[in-house]
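Here is the structure we will look at, set down as structure tokens.
In full-length UniProt numbering, the protein residues as written are 1 to 267.
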């Protein structure tokens, strides 16, 4: 019996090339996709996809893309596709359109990864569960590539990439030091998917010390460090405001802390 061949990651051809070429190609794809969505209410599949050889490097964040004249797979340029979609639809109802495009992309390995690691906010518990579950479905395929994300020249495995981009989700929802990244993501996504409001409050309180460590210039830090007062404040949030922070994403919690700090200063 021949040994099993490694699974390959497939990506849209418009994400490969020099920076300016990918930007142009991705925007053109967005215009095409936006027009299709306008007519049918659904997004089309890419016109061409390519299988990446095992170990191929994928640039997953713009902060590490310094060699822009070098042809590369630029996953982060999916954002330019969205810009083209919004432009075609004249920026009408961008949030529902983004959600629809995200749902479509979750059916592909490249799309699932893009939305799971992108820094777009807010990330509710329900939405993050869907994003992580999508990545987990394609885990073996995504493991075939290597990624640039947080530091130039630091090539990451999928485990390292998800640990870098989604450590907040694991810390808040699956604080199990020593367990594998995959198992912690599975546990976190399962807990997020069935989370009650109280479950989310507990996760947020676990993450608030981390958020506070990044917060600068708070005028009422001593008040904001009180778990009891924070719990009380969280219980008063309206449903929409609470949903925005229910995933306990650090960036969402920072926005919440700055808002509370400002409110305290007005009392």
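Glycine is no exception: its CB is placed at the ideal position from the N, C-alpha and C atoms.
Along the chain, where does the beta strand (DSSP E) that runs through residue i open and close?
i	result
residue 73	72 to 74
residue 11	10 to 12
residue 50	49 to 51
residue 59	57 to 59
residue 148	146 to 148
Is it buried or exposed, residue i, if we count other Cβ atoms within 10 angstroms and call 16 or more buried?
i	result
residue 176	exposed
residue 185	buried
residue 216	exposed
residue 3	Low confidence applies here, because residue 3 scores a pLDDT of 43, under 50, leaving its location unreliable; read the following figure in that light. Burial call: exposed.
residue 148	buried
residue 52	buried
residue 69	exposed
residue 5	With a pLDDT of 45 at residue 5, under the threshold of 50, the predicted position of this residue should be treated as unreliable, though the coordinate-derived value follows. Under this definition residue 5 is an exposed residue.
residue 249	buried
residue 25	buried
residue 151	exposed
residue 154	exposed
Between the options, which has its C-alpha nearest residue i's C-alpha?
i	options	result
residue 208	18, 172, 195	172
residue 213	258, 160, 75, 31	258
residue 46	108, 153, 70	108
residue 11	50, 248, 256	50
residue 88	21, 130, 30, 223	30
residue 65	19, 37, 40, 33	19
residue 124	196, 28, 160	196
residue 265	236, 219, 237	219
residue 101	82, 27, 54, 73	82
residue 131	190, 74, 43, 222	190
residue 127	244, 255, 261, 256	244
residue 54	43, 237, 210, 9	9
residue 74	211, 146, 33	146
residue 174	193, 156, 32, 157	193
residue 133	157, 16, 106, 143	106
residue 118	263, 93, 161	161
residue 16	44, 71, 42, 262	71
Since residue i contacts residue j with CB under 8 angstroms, what's their CB separation in whole angstroms?
i	j	result
residue 80	residue 23	5 angstroms
residue 268	residue 253	Absent from the structure is residue 268, since the part of the chain shown begins at 1 and ends at 267.
residue 78	residue 37	That belief does not hold up - the Cβ atoms of residue 78 and residue 37 are roughly 15 angstroms apart, past 8 angstroms.
residue 159	residue 181	4 angstroms
residue 135	residue 7	That belief does not hold up - the Cβ atoms of residue 135 and residue 7 are roughly 14 angstroms apart, past 8 angstroms.
residue 224	residue 261	6 angstroms
So the alpha helix (DSSP H) residue i belongs to, where does it begin and stop?
i	result
residue 85	78 to 88
residue 98	94 to 105
residue 245	239 to 245
residue 91	Note, residue 91: premise wrong, no alpha helix (DSSP H); not H, not E.
residue 25	19 to 40
residue 136	125 to 137
Does the beta carbon of residue i sit closer than 8 angstroms to a beta carbon anywhere in chain B?
i	result
residue 43	Reference to chain B is not applicable here, since this structure consists of a single protein chain.
Meets three-Cβ-pair contact criterion under 8 angstroms: the stretch 87 to 99 and the stretch 180 to 198: no
Given 8 angstroms, three or more beta-carbon pairs between the stretch 58 to 77 and the stretch 105 to 120: yes
Do the stretch 224 to 239 and the stretch 155 to 170 meet, that is, are 3 or more Cβ pairs less than 8 angstroms apart? no
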